[in-house]
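Chains as they are written, first to last, in the UniProt record's numbering: chain A, 1 to 349; chain B, 1 to 349; chain C, 1 to 349; chain D, 1 to 349.
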């Protein structure tokens, strides 16, 4: 039984408490928040959980094995570092921290102490993304040619971060989860339509060593909500629409065929295949429930989470590179490769 | 009554012949093609139209006032130049020619001789694009923030041109028709998933002096056909789906509101408006019929067409710049401004 | 301030408690349920509300002005009658009772005592149905030609009632709310695909004195969920899709035009109008919140609710007639007219 | 090589001529029409085909083996009978004739002479309906529970026939093609919203001996076009949307499961299965091309067509019964069983 302390009981914290509390292998020991009203809301819903306005109490409590952090982004680094220093495993809401330097320090600290550091990239734990990953691992798509995603709606302009830190972060975490390789460079463009406000619309292209390319389009100023991703492979192609109530994933047995001609390698004729479409049944299990199970499992066994610190780091490195490219009107920014692909973790324990 | 000679009776030529033949103010004098079988097909359908395998005969015929060219792209420049030199008005299938230098020579020649030079950017003459233009000219959208378009499907890989010359050309012509300003720079990325084949997938961002931005996504390797354009304005926003049988254009009375605060110009609160959606009735008139009427009218009155030589030139300049940017992984390429906006023609005569 | 007692804290009761508790003009005095576990769930969420397993306590409590009943259908009659006899106003979950005879006794009792009797036809209080009613009252649709509705999905087979008492009841309440007249006869067909189970699929036609016709199709055994209603008028027509997240109502400016010819009244030529489509913005206010406000208002002022006892009676009479017609393979069953249309109440107070 | 004579070159005739002309096993000998303008249109398109305004010439021509009739409905009987009497095989546009008595005489005459009599129920030859039939014959759906279809749009009010003779006829032919049994009774309701005009909206229920039920909803006064059919089986269910450009058929692996309990046959618990959805690739072959091939094959081999005279008769008997039920406000009308199911023909030769 893993003892959990949760910091922050605002928007996301209650979901963490609810899921850790209903998980058979974890127990919520205490909740910390600076706001007394939020603590009493917690007490009303979960009378058995103690609360405190002093985060340090959780760190001192030997029954707390792990800390889940759901506070504003600018506090992530300091809180996570303190928790690691106190010997606690850590789960942090995305993004892991404000800079890649901060994340590197957290990753090093967790490594040094042999503690689990996991970032809450919730989309990876949705049944839809899990199903796409499963299809890719079964090689049903063939060689992956592209990932092309649009994530837009009207609203939730934020004043401190731009649209890529808010929305593209989801796609970047999915891309690195699904693909076998890391991007080597990024080109991005963005624009702000409100004077003095950060970019509310952006387009990001990720380049890879292989033929694969990824593109992410994000927009806070769209008349309709769009959550649509195309994954194109040499064998099959997927359309993933997260707004569909049931058929979120459609797998198309479509593609091109190449008929090489002997006399000239450069000549070819392209043919087209059009086969069946198939929408696999997608479980309706709550993503956060799977994520909490995975975190508890990793803490118990020492396994590395699929959204471990390194994956959180890579997402932030890409966001930083994309921000530089945006400032430069699309000029490509190279990404350094920082981890062997073999360290990639894909299976939920 | 304007006499028309048509060169090329392959895929598009028959449509030109049919529309010029049924237009009250034009008469098709002759059709030229190198393929005798195509000429007899023409004779069967239009026994009253004479045919020839010698293009020069059309040029020599004094009853021919204008030449419409529907031949392969690499012949456009030579044929159009010969027609202008023979004193004929000219309508050319898109793209006008293979390079901007060629187009400039055609534009100059037409100008010098006072002849009409028009490029067949058919989409401009669709009732849907005409309706969007009308809404913009009525200032129903307010300040235009963005144009964001996706044009993809499976198929029609071409071996001589890449996907932007095939598909993005439509959006580039629409963008310059709808917007009040020319782009000042372009950033584009593209990739080929078939070795030895030109790019089959590309994303283009156009930058403008104003806050406006345009983005075009094109893909020959998509499992489903998409023809969707978002136009975002400060007052209203449009979703234009060309695959919808009837409600191609949806106008959303949605957007953000800014509540400036006196003490600090940098502070503002963003509010959201969500009003009605409205799908104006769209005529089902064939685009080419409107286009042919417009060409005949311009030839008769000397008015400049909405898709005149300069607009064809600008489209090709953007395609050339986008190609350079693609080769450079998104690095921005500046576009020179070549014409005063006042020369823009928007109303169909 | 109206004091409310709520009977039944199962599926629907908690929603009633929450909405009456947050309403400014009502106070929840007590909740009654036979199940102690449910009562303690209530206490945990609403510590300020007293609970009892003895319904009679609520009736004896002078601070209780009105009783809301959310118990199984077979208890509705007895509980509602007791409440009326105790001088309490009553709100009952649909259907009001098991037979029209029972409902008539409740209506008479409420009338005799001058008490408010309201049935919880929640759909009438949805912003979508309110908007359709508003458009009809503004005569935007013209003469109403038809109401044609499909309500189907997979699941929730019930063992005690058939599909029309479960699903068609919604449409029957909407029909009588929207239309200016009562049906005069009903023809219905139904079938059961599970031996020993009540009908899981049915089609009902309602006949009116006028040209208007209503049709309701319901199905518990559909592969996909459908909630779609067409309302056709002489001027405009509506498609109402309750599953659409935002554009639930689409108003089509379409229809036919009749060109009478003088010489012969029987000859006419029918023309077709195809105009704009318009999707009015629909509020997202919770239907039950509006309903609770309306009940409290009616109790306070003595006004008749839009879903008063008579309207609940009429719905049950139609259900009973439809059941007889189903048993007779569609043979029409006449409905007696029981109330002057002038007693119809349409405006939410 | 089968020689074909075609009567009527109006709306449908040209399609028959084109398809018989391009079929390798048939040759169009002549076309007859009373309108000289139509005949010259035919000559222009098909100079090799002789034309006549005298139908009798086709009958006398020994090179004509079969007659295809595409004239107004009231002429079908007389023309078809004359053709059969002249020893010609016959293909007639739907409906076969105006009354079941007429059809019976044609069926008898064809039988007596051993000639092929086929009705042009084009929908049976669409790749979509062929695919559904294939799935049923493979027993992929299990026991068929229902067929429920909606066919509506705005327009094409007809003055001589009502909406069921115009639209429901398609569904009735599909139903008898797909199902293993004939309906035993019909209940139908209909209404006319234009004084003096036939019914423009109708709903038909077909009853079968088994649990199966069929329902058809047709409407000439709908704001949007709908062509949607649900086929529910004990194993799988189909949604067939004829307006979908590519995924016309969706097969849902969904349904209910019954858990019988030993002690009481009347008690059961219903469970729900929700599995994958699958959209088989549908050929884009023109239905009329398949139909013409089938007719030619049946004429050549003496095989009975899937849309033979008996199937045309059954459709008209159901239409007549439905008309009587409509006049009687839904009262059921029994259908007599006129043919052993073993005579049913399902496979396209």
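Cβ atoms here follow ideal geometry from the backbone N, Cα and C, with glycine treated the same way.
Bear in mind that the values here come from a model prediction, so they are computed numbers and not experimental data.
For residue i and residue j, what's the separation of their Cα atoms in angstroms?
{"i": "residue 351 of chain C", "j": "residue 151 of chain C", "result": "Shown here, chain C extends from 1 to 349; a query on residue 351 of chain C therefore has no answer."}
{"i": "residue 140 of chain C", "j": "residue 280 of chain C", "result": "13 Å"}
{"i": "residue 132 of chain D", "j": "residue 121 of chain D", "result": "16 Å"}
{"i": "residue 157 of chain A", "j": "residue 124 of chain D", "result": "54 Å"}
{"i": "residue 319 of chain B", "j": "residue 207 of chain B", "result": "14 Å"}
{"i": "residue 170 of chain B", "j": "residue 149 of chain C", "result": "42 Å"}
{"i": "residue 175 of chain D", "j": "residue 154 of chain D", "result": "24 Å"}
{"i": "residue 94 of chain D", "j": "residue 109 of chain D", "result": "18 Å"}
{"i": "residue 349 of chain A", "j": "residue 310 of chain A", "result": "With a pLDDT of 48 at residue 349 of chain A, under the threshold of 50, the predicted position of this residue should be treated as unreliable, and no value is reported."}
{"i": "residue 167 of chain B", "j": "residue 161 of chain B", "result": "10 Å"}
{"i": "residue 275 of chain C", "j": "residue 276 of chain B", "result": "17 Å"}
{"i": "residue 59 of chain A", "j": "residue 90 of chain A", "result": "11 Å"}
{"i": "residue 45 of chain D", "j": "residue 130 of chain B", "result": "35 Å"}
{"i": "residue 70 of chain C", "j": "residue 82 of chain C", "result": "15 Å"}
{"i": "residue 126 of chain A", "j": "residue 22 of chain A", "result": "18 Å"}
Just the chain D side, please: which residues come within less than 8 Å of residue i by C-beta, in chain order?
{"i": "residue 327 of chain C", "result": "Within chain D, no residue comes near residue 327 of chain C; the closest Cβ sits about 11 Å away, beyond 8 Å."}
{"i": "residue 222 of chain C", "result": "230, 232, 237"}
On a CA-only basis, which of the options is nearest residue i? Give me that one, please.
{"i": "residue 230 of chain B", "options": "B/299, B/178, B/44", "result": "B/178"}
{"i": "residue 85 of chain A", "options": "A/107, A/12, A/42", "result": "A/107"}
{"i": "residue 51 of chain A", "options": "A/11, A/45, A/61, A/31", "result": "A/31"}
{"i": "residue 330 of chain B", "options": "A/159, A/194, A/185, A/218", "result": "A/185"}
{"i": "residue 74 of chain B", "options": "B/65, B/88, B/92", "result": "B/92"}
{"i": "residue 305 of chain B", "options": "B/291, B/314, B/63, B/100", "result": "B/291"}
{"i": "residue 102 of chain C", "options": "C/77, C/15, C/249", "result": "C/77"}
{"i": "residue 314 of chain D", "options": "D/36, D/99, D/218", "result": "D/99"}
{"i": "residue 38 of chain B", "options": "B/56, B/25, B/14", "result": "B/14"}
{"i": "residue 288 of chain A", "options": "A/115, A/68, A/246, A/197", "result": "A/68"}
Might you give, ordered along the chain, the residues of its own chain that have their beta carbon closer than 8 Å to the beta carbon of residue i, omitting 5 neighbours on each side?
{"i": "residue 34 of chain C", "result": "53"}
{"i": "residue 222 of chain D", "result": "152, 153, 154"}
{"i": "residue 209 of chain C", "result": "181, 184"}
Leaving aside the five residues before and after residue i along the sequence, list all residues of the same chain whose C-beta is less than 7 Å from its C-beta, in chain order.
{"i": "residue 326 of chain D", "result": "188, 189, 190, 199, 202"}
{"i": "residue 265 of chain D", "result": "Confidence at residue 265 of chain D is low in this model, with a pLDDT of 48, below 50, so its placement is unreliable and the value that follows should be read with caution. Nothing listed; no residue qualifies."}
{"i": "residue 104 of chain B", "result": "313"}
Please look up how many angstroms separate the CB atoms of residue i and residue j, rounded, as I've assumed it's under 8 Å.
{"i": "residue 204 of chain C", "j": "residue 213 of chain C", "result": "So it is not a contact: roughly 11 Å between Cβ atoms."}
{"i": "residue 278 of chain B", "j": "residue 251 of chain B", "result": "5 Å"}
{"i": "residue 42 of chain C", "j": "residue 11 of chain C", "result": "Contact doesn't hold; Cβ gap of about 13 Å is too wide."}
{"i": "residue 7 of chain C", "j": "residue 17 of chain C", "result": "About 11 Å separates the two Cβ atoms, so there is no contact after all."}
{"i": "residue 142 of chain B", "j": "residue 211 of chain B", "result": "Rounded, the Cβ-Cβ distance is 12 Å, inconsistent with contact."}
{"i": "residue 144 of chain C", "j": "residue 194 of chain D", "result": "Incorrect: roughly 15 Å between the Cβ atoms, too far for contact."}
{"i": "residue 136 of chain C", "j": "residue 65 of chain C", "result": "34 Å between Cβ atoms; not a contact."}
Quick one: list the residues of chain B neighbouring residue i, beta-carbon separation under 8 Å, in chain order.
{"i": "residue 275 of chain C", "result": "281"}
For a contact defined as C-beta to C-beta under 9 Å, what are the partners of residue i on chain C?
{"i": "residue 278 of chain B", "result": "276, 277, 278, 279"}
Might you give, ordered along the chain, the residues of its own chain that have their beta carbon closer than 6 Å to the beta carbon of residue i, omitting 5 neighbours on each side?
{"i": "residue 225 of chain C", "result": "153"}
{"i": "residue 262 of chain C", "result": "Unreliable positioning characterises residue 262 of chain C in this predicted model, as indicated by a pLDDT of 48, which lies under 50. The coordinate reading is nonetheless provided below. So the list is empty, once near-sequence residues are dropped."}
Taking C-beta pairs closer than 8 Å, name the residues in chain C that residue i reaches, listed in chain order.
{"i": "residue 247 of chain B", "result": "277"}
I want to verify the contact list: residues of chain B whose CB lies under 9 Å from the CB of residue i, in sequence order.
{"i": "residue 74 of chain A", "result": "What residue 74 of chain A touches in chain B: nothing, since even the nearest Cβ is about 19 Å away."}
Using the beta-carbon of each residue, which ones in chain D are nearer than 9 Å to residue i?
{"i": "residue 215 of chain C", "result": "189, 201, 203, 217"}
Residues of chain A with a CB under 8 Å from the CB of residue i: which are they?
{"i": "residue 154 of chain B", "result": "254, 255, 256, 272, 274"}
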